[in-house]
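Undergrad: Here the sequence shown is numbered in our numbering, starting from 13 and rising by one per residue.
Structure below; questions to follow.
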Amino acid sequence: MPPPSALAIGLTICAATVFGCNDTAVVVRVESDRGPSELDAICLQLDAAGSSRFGRRYQLATRPLPQTLTALAGGRTSFQAIVYGLKNGIEVARTRRQLAFKDGAVELVSLPLDTCVPAPSSGTFRLAGNVPGAIDRALLEPAASGGLALALGAGQALRDAASATGLTALQAGTPAAPAGAVAQLLAVDLDGDCLQDAVLLPAGAPPVLWMRAADGTFSELAGALAISTPQRGVAAGDVDGDGTTDLVLVGGGEVHVLLNDGAGHFHELGGAFDTAPTDATQVALGDLDGDGHLDAVVAQGSAMPDVTRVYLNDAKGSGHFALAVAALPPLKERATALALADVDLDGDLDLIVAHAGAPVRLYLNRGNAFLEDRSFGGLPDQLAGDVQTLLAVDLNADCLPDLVVPRAGAAPLVWLNAGQGTFVAGPALDGGAALGAVADDVTDDGLPDLLLFSATGLQLEVQQ
Numbered sequence: 013m014p015p016p017s018a019l020a021i022g023l024t025i026c027a028a029t030v031f032g033c034n035d036t037a038v039v040v041r042v043e044s045d046r047g048p049s050e051l052d053a054i055c056l057q058l059d060a061a062g063s064s065r066f067g068r069r070y071q072l073a074t075r076p077l078p079q080t081l082t083a084l085a086g087g088r089t090s091f092q093a094i095v096y097g098l099k100n101g102i103e104v105a106r107t108r109r110q111l112a113f114k115d116g117a118v119e120l121v122s123l124p125l126d127t128c129v130p131a132p133s134s135g136t137f138r139l140a141g142n143v144p145g146a147i148d149r150a151l152l153e154p155a156a157s158g159g160l161a162l163a164l165g166a167g168q169a170l171r172d173a174a175s176a177t178g179l180t181a182l183q184a185g186t187p188a189a190p191a192g193a194v195a196q197l198l199a200v201d202l203d204g205d206c207l208q209d210a211v212l213l214p215a216g217a218p219p220v221l222w223m224r225a226a227d228g229t230f231s232e233l234a235g236a237l238a239i240s241t242p243q244r245g246v247a248a249g250d251v252d253g254d255g256t257t258d259l260v261l262v263g264g265g266e267v268h269v270l271l272n273d274g275a276g277h278f279h280e281l282g283g284a285f286d287t288a289p290t291d292a293t294q295v296a297l298g299d300l301d302g303d304g305h306l307d308a309v310v311a312q313g314s315a316m317p318d319v320t321r322v323y324l325n326d327a328k329g330s331g332h333f334a335l336a337v338a339a340l341p342p343l344k345e346r347a348t349a350l351a352l353a354d355v356d357l358d359g360d361l362d363l364i365v366a367h368a369g370a371p372v373r374l375y376l377n378r379g380n381a382f383l384e385d386r387s388f389g390g391l392p393d394q395l396a397g398d399v400q401t402l403l404a405v406d407l408n409a410d411c412l413p414d415l416v417v418p419r420a421g422a423a424p425l426v427w428l429n430a431g432q433g434t435f436v437a438g439p440a441l442d443g444g445a446a447l448g449a450v451a452d453d454v455t456d457d458g459l460p461d462l463l464l465f466s467a468t469g470l471q472l473e474v475q476q
């Protein structure tokens with residue numbers, strides 16, 4: 013990001029195309045109290061609906077915050093500004109505001125990416141709308157107004173606008189959906205335009221990449237993922253430290269590290285894992301040992317119980333991973349889902365693992381990637397279940413990550429973080445059974461809303 017004056021000129025030129033030019037403007041100032049160890053990039057988008065938008069990622073090592081840029085009205089009355097704070101290619105903070113132009117005035121607006129300050133909400137939800145259909149996976153993304161939902165299942169793709177009033181179907185706007193089931197659907201910006209694209213893992217078919225356009229439609233980027241075999245799990249992050257978001261995919265005895273060129277094209281890093289998994293089901297990325305580089309957790313056990321594995325990135329953070337044999341207790345289970353979050357707020361990432369036919373487990377990090385089982389006493393439910401997905405998100409704005417635990421044949425559990433690495437049962441959701449849950453703020457109140465998906469359809473739960 014160039015110096016403030018140059019940045020303002022740069023966006024003004026862009027805004028002459030995107031918004032038009034006149035003497036009415038909003039000067040956006042991006043700032044943060046987070047240091048380089050917490051934030052290494054931002055992604056900024058200004059969206060005046062549809063194709064009238066600006067979006068770009070900036071690395072902070074050479075262009076530190078604060079910075080300003082100017083959007084000119086050109087006949088527009090308002091626009092949405094979103095800034096994402098990133099660390100190792102993973103979102104850690106976000107600010108979103110609807111901004112209005114005032115005729116003949118230049119307004120200064122701050123978009124802070126500051127450390128979370130508790131402002132507790134009720135954490136209760138109401139069912140705002142539903143859409144019938146057999147859904148395998150879904151995602152929920154920011155849009156110019158509210159959110160954009162994408163759901164896949166039964167050979168069809170559903171695209172809906174999400175808001176406080178519910179879900180509204182959007183016509184077409186996607187490539188042909190996979191014919192069979194979809195094992196995973198990941199939302200991640202892969203080309204640096206601040207729009208979240210979609211990585212699809214069809215069951216029994218190679219992975220597919222759908223790129224999102226400014227108008228909320230998707231198109232397939234053919235040949236972007238040069239993998240010819242089906243995969244079961246995918247995670248995204250900057251594994252080699254070059255400022256782009258890479259992908260790690262796993263399935264059975266395979267693991268693939270795909271390095272991004274910044275435009276959503278990938279090449280595989282050979283020999284990235286020193287020891288391949290044997291029956292991988294899922295993967296998660298996060299800095300477990302505190303060296304500033306992304307490490308990997310690989311869940312195992314699709315058919316027979318197996319151990320979950322931790323792999324540590326090398327000292328240079330080059331994307332080469334070594335198995336840390338003693339990082340986790342050697343429990344053999346059928347792991348189905350992973351979530352990484354600092355649940356005890358001690359500055360390192362902890363691990364939650366879901367299973368088929370076994371209780372959810374909580375592992376607290378000592379700070380050196382050695383994870384201790386604190387499930388008993390830490391989680392409110394130790395009953396065996398069938399949990400296929402996990403969602404870690406701060407539901408009630410107390411700056412502590414909570415858990416949404418969808419269960420087969422039953423309503424999802426909500427576990428609220430009580431501090432010091434413990435959870436308590438939270439308010440029940442008023443929808444039905446769900447296979448999984450994703451979150452985003454679709455009501456513009458600064459609080460996450462939930463999109464639940466299942467074999468019977470989509471349910472949008474918004475915070476009250």
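Every residue gets a Cβ at the ideal spot worked out from N, C-alpha and C, and that includes glycine.
What's the gap between the Cα of Pro15 and the Cα of Ile147?
TA: For Pro15, the pLDDT reaches just 35, beneath the cut-off of 50, and the residue's location in the model is therefore unreliable, although a value from the coordinates is still provided. Between Pro15 and Ile147, the C-alpha separation is close to 47 angstroms.
Undergrad: Express the C-alpha separation of Gly185 and Ala60 in angstroms, rounding to a whole number.
TA: So the alpha carbons of these two residues sit roughly 19 angstroms apart.
Undergrad: Using a Cβ distance threshold of 8 angstroms, determine whether the stretch 325–334 contacts the stretch 347–365, with at least three qualifying pairs required.
TA: Flag = no, the stretch 325–334 and the stretch 347–365 do not touch.
Undergrad: Here's the rule I'm using: 16 or more other beta-carbon atoms within 10 Å means buried, otherwise exposed. How should Ile25 be labelled?
TA: In this prediction, Ile25 has a pLDDT of 31, which is less than 50 and means its spatial position is unreliable; what the coordinates show is noted afterwards. It is exposed - the Cβ of Ile25 has fewer than 16 other Cβ atoms within 10 Å.
Undergrad: Cβ of Gly283 less than 8 angstroms from any chain B Cβ?
TA: The question asks about chain B, but that chain is absent: this structure has only one protein chain.
Undergrad: Residues bridged to Cys509 by DSSP?
TA: Past the edges of the chain, shown from 13 to 476, lies residue 509, and the structure says nothing about it.
Undergrad: Compute the minimum distance between the beta carbon of Thr455 and the heavy atoms of the ligand NAD, and state whether it is under 7 angstroms.
TA: The ligand NAD is not among the ligands present in this structure, which contains no ligands whatsoever.
Undergrad: Does Gln183 pass the burial test, meaning 16 or more other C-beta atoms within 10 Å, or should it be called exposed?
TA: Label assigned to Gln183: exposed.
Undergrad: Just tell me which of Val143, Ala83, Gly101, Gly87 has its CA closest to the CA of Val118.
TA: Looking at the Cα atoms, Ala83 is the closest of the given residues.
Undergrad: Please classify Phe388: does DSSP put it in a helix, a strand, or coil?
TA: Correct three-state label for Phe388: helix.
Undergrad: What would DSSP say about Asn380, mapped onto helix, strand or coil?
TA: Coil at Asn380, not helix or strand.
Undergrad: Are the beta-carbon atoms belonging to Gln294 and Ala349 less than 8 angstroms from one another?
TA: Yes, they are a contact pair.
Undergrad: So, for Thr177: in the same chain, excluding its five sequence neighbours on each side, which residues have a beta-carbon less than 8 angstroms away from its beta-carbon?
TA: Hits under 8 angstroms: Ala140, Gly141.
Undergrad: Helix, strand or coil for Gln394 per DSSP?
TA: The answer is coil: DSSP assigns Gln394 none of H, G, I, E or B.
Undergrad: My understanding is that Pro124 touches Ser175, with C-beta atoms under 8 angstroms, so please give their C-beta distance in whole angstroms.
TA: Not a contact, Cβ separation roughly 25 angstroms.
Undergrad: Taking the C-alpha atoms as reference points, what is the distance between Val269 and Glu232?
TA: Roughly 21 angstroms between the two C-alpha positions.
Undergrad: Rounded to whole angstroms, what is the Cα-Cα separation between Pro130 and Pro460?
TA: Those two C-alpha atoms are separated by around 14 angstroms.
Undergrad: Count the other CB atoms within 10 Å of the CB of Cys128; is the residue buried (16 or more) or exposed (fewer)?
TA: Exposed, by the Cβ-count rule.
Undergrad: Of the residues Phe388, Gln432, Asp453, Leu463, which one's Cα is nearest the Cα of Ala446?
TA: Closest by alpha carbon: Leu463.
Undergrad: According to DSSP, Met316 sits in a beta bridge with which residue or residues?
TA: Met316 pairs with nothing; no bridge assigned.
Undergrad: For His367, which of Ala105, Pro439, Met316, Asn377 has the nearest alpha-carbon?
TA: Residue Met316 is the option with its Cα nearest to His367.
Undergrad: Can you tell me whether Lys114 is buried or exposed? The criterion is at least 16 other CB atoms within 10 Å of its CB, across all chains shown.
TA: By the neighbour-count rule (16 or more Cβ atoms within 10 Å), Lys114 is not buried but exposed.
Undergrad: Which class does Val246 belong to by DSSP, given the choice of helix, strand or coil?
TA: It is a strand residue.
Undergrad: Return yes when the Cβ of Thr401 is within less than 8 angstroms of the Cβ of Pro413, no when it is not.
TA: Contact flag unset, no.
Undergrad: I'd like to know whether the C-beta atoms of Gln243 and Leu213 end up nearer to each other than 8 angstroms.
TA: Cβ atoms of Gln243 and Leu213: closer than 8 angstroms.
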